[in-house]
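Structure record follows, encoded as structure tokens.
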Amino acid sequence: MQGKLFLYNSINRKKEEFIPINFPFVGMYVCGPTVYGDAHLGHARPAITFDLLFRYLRHLEYKVRYVRNITDVGHLENDADQGEDKIGKKARLEQLEPMEVVQYFADRYHREMDKLNVLKPSIEPRASGHIIEQIEMTKKILDSGFAYISNGSVYFDVEKYNEKYNYGKLSGRILEDLYSNTRELDGQSEKKNSFDFALWKQASPEHIMRWPSPWSDGFPGWHMECSAMGHKYLGEKFDIHGGGMDLLFPHHECEIAQNTVAVGENSINYWVHNNMITINGQKMGKSLGNFITLDDLFNGTNQVLEKAYSPMTIRFFILQAHYRSTLDFSNEALQAAEKGLARLMKGNETLNKIKASASGNYNVSELKKNCYDAMNDDLNSPIVIAHLFDALKTINSVEAGTETIDDANLEILKQVYHSFLFEILGLKNENEGSGSNEILKEVVDMVLNLRMQAKANKDYATSDLIRNELTKIGITVKDKKDGFEWEI
RNA sequence: GGUACCUUGGCCGAGUGGCUAGGCACCGGUCUGCAAAACCGGCUACGGCGGUUCGACUCCGCCAGGUACCUCCA
């Protein structure tokens, strides 16, 4: 093994050694998107964070079952338990079937994730496909006495729960504080206390997404799906539950309460939360309206964007910050990421070209250890990247002849560089295959060969004209000692 | 108002009680007809005020500023 992996566990607020329940198997559940709009930069963060964890666990040869849900029902639009279903609302506005909306945005989400090289989860369950499981779980909670029926809806009795267990153990909240701090909302009379949350909600007549249940025609409460589906696919106890920090309270706190009653105490060992992406120091979020969709980023179609940024630039940008830190969006930062990534990718090409010497003065084992140490320390991808840049310096020095490397070390270097860059960080070389159009390639080569002739004749007016015109089209010409390179 | 967290060089962003983070930008150099690219080198910061300590950016206290959660949000 490559050392011990430590993860920051939100529930204890410290880094803990990761020990799976059933070695070598690992169960991981991550809160996925609610598909009622295009994915934005904020959605990319958990997807990439847990993709990193998924990839690293697999690299460590764990057998991982990674479940990431799609929420297609149950998230309410406005005030807690009083609003309109998000999917339903969008469907009414667009005159579409709710499932049509879900299909459309789920497809788009998948497409963006593919571009970001985010591996598909093992199972991607939908809330609407697990209504029965959610009803069964609600029944269990009712039977245990920690829930009550009110006007066709079922609510979790937080106060009663807190007498026996600890409501707030994850988010560090104290129930007494919630009495005074929870907002007074209209129509809360159905609930005993404002902080009680719905397990099942009776649907109002205009509500289109509805299912029959023992209590009413309605829909499941917004915390039920993760509890029901997580335990369905990963068992009564499983290893990791992840999601954005903004889900810590109330979503995950409520999940814990539900699980405790219906499944048992401490049914999830590690709670892992990624931080937010900020823009001008403020959280990028749907409700604030300050989000940039991934589609906009990839195409440069947003006023705040100076240019388009490729999916790998976005991925690298996110990996350059630790997942538990906020990450501030800016054009400058993205452009920095773009250039840095290009250098690392170039380094891999150079690495494949350099030759080993009989003896070398570079020992790669330290690099290898440093990279694993960084990953083991709560997935410190920025440190891994820093070490890869150090390796890059060596690679370039070997190519320049100022350093040497022996055959054995070169092989290990290739293997380490490759596995961290591509396999674990999940980056890929986007330039490969671009400009794959053979005719275009030959035409540009031909033009540049003409330019070489002009240069040989010292006809710099012509050579500069050719270069300028190509630049205008978007082709960058790079002169080399004995020829040229170009890229689009 | 309650709770938690943050404040690092021009920008992004790691980390540590004493030892260079890294990237980008910038500056200098190599290369080039000139550029660009690439490469090499330089650039040494930790909000303010106190305290603990042989020594603090790192620990403690206070202050200032900011953010998150408390309502759907990744």
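Terminal number for the first sequence in our numbering: 490, no gaps in between. The C-beta atom is built at its ideal place from N, Cα and C for all residues, glycine as well. The model shown is predicted, which means the values in this text are computed figures rather than measured ones.
8 angstroms Cβ cutoff met for residue i and residue j
i, j, result
"residue 129", "residue 73", "yes"
"residue 58", "residue 380", "no"
"residue 276", "residue 247", "yes"
"residue 250", "residue 201", "no"
"residue 318", "residue 335", "no"
"residue 264", "residue 397", "no"
Cα-Cα separation between residue i and residue j, rounded to whole angstroms
i, j, result
"residue 125", "residue 32", "11 angstroms"
"residue 97", "residue 41", "21 angstroms"
"residue 253", "residue 224", "8 angstroms"
"residue 295", "residue 43", "6 angstroms"
"residue 68", "residue 151", "34 angstroms"
"residue 420", "residue 350", "8 angstroms"
"residue 239", "residue 111", "29 angstroms"
"residue 188", "residue 137", "Only weak support exists for where residue 188 lies, its pLDDT of 45 falling under 50; the value from the coordinates is given anyway. Rounded to the nearest angstrom, the two C-alpha atoms are 27 angstroms apart."
"residue 231", "residue 176", "28 angstroms"
"residue 451", "residue 116", "38 angstroms"
"residue 416", "residue 180", "55 angstroms"
"residue 233", "residue 431", "38 angstroms"
"residue 45", "residue 320", "11 angstroms"
"residue 226", "residue 311", "37 angstroms"
"residue 65", "residue 368", "28 angstroms"
"residue 100", "residue 209", "11 angstroms"
Helix, strand or coil at residue i [DSSP, three-state]
i, result
"residue 6", "coil"
"residue 61", "helix"
"residue 326", "coil"
"residue 82", "With a pLDDT of only 41 at residue 82, under 50, the local geometry of the prediction cannot be trusted, and no value is derived from it."
"residue 240", "strand"
"residue 142", "helix"
"residue 155", "strand"
"residue 22", "coil"
"residue 137", "helix"
"residue 398", "helix"
"residue 253", "helix"
"residue 220", "strand"
"residue 12", "coil"
"residue 187", "Reliability fails at residue 187, whose pLDDT of 49 lies under 50, so the model's placement of it is uncertain and no value is given."
"residue 17", "strand"
"residue 480", "strand"
"residue 52", "helix"
"residue 262", "helix"
"residue 110", "helix"
DSSP bridge partner residues for residue i (one or two, in chain order)
i, result
"residue 28", "66"
"residue 199", "158"
"residue 272", "242"
"residue 42", "295"
"residue 36", "73"
task = For the stretch 317 to 331 and the stretch 274 to 286, state whether three or more C-beta atom pairs, one from each stretch, are separated by less than 8 angstroms.
result = yes
inquiry  = Would the stretch 393 to 412 count as touching the stretch 359 to 376 if we require 3 or more Cβ pairs under 8 angstroms?
reply    = yes
ask   = Below 8 angstroms, can you find three or more Cβ-Cβ pairs linking the stretch 213 to 222 to the stretch 131 to 150?
value = Inter-segment contact for the stretch 213 to 222 and the stretch 131 to 150 is present: three or more beta-carbon pairs are separated by less than 8 angstroms.
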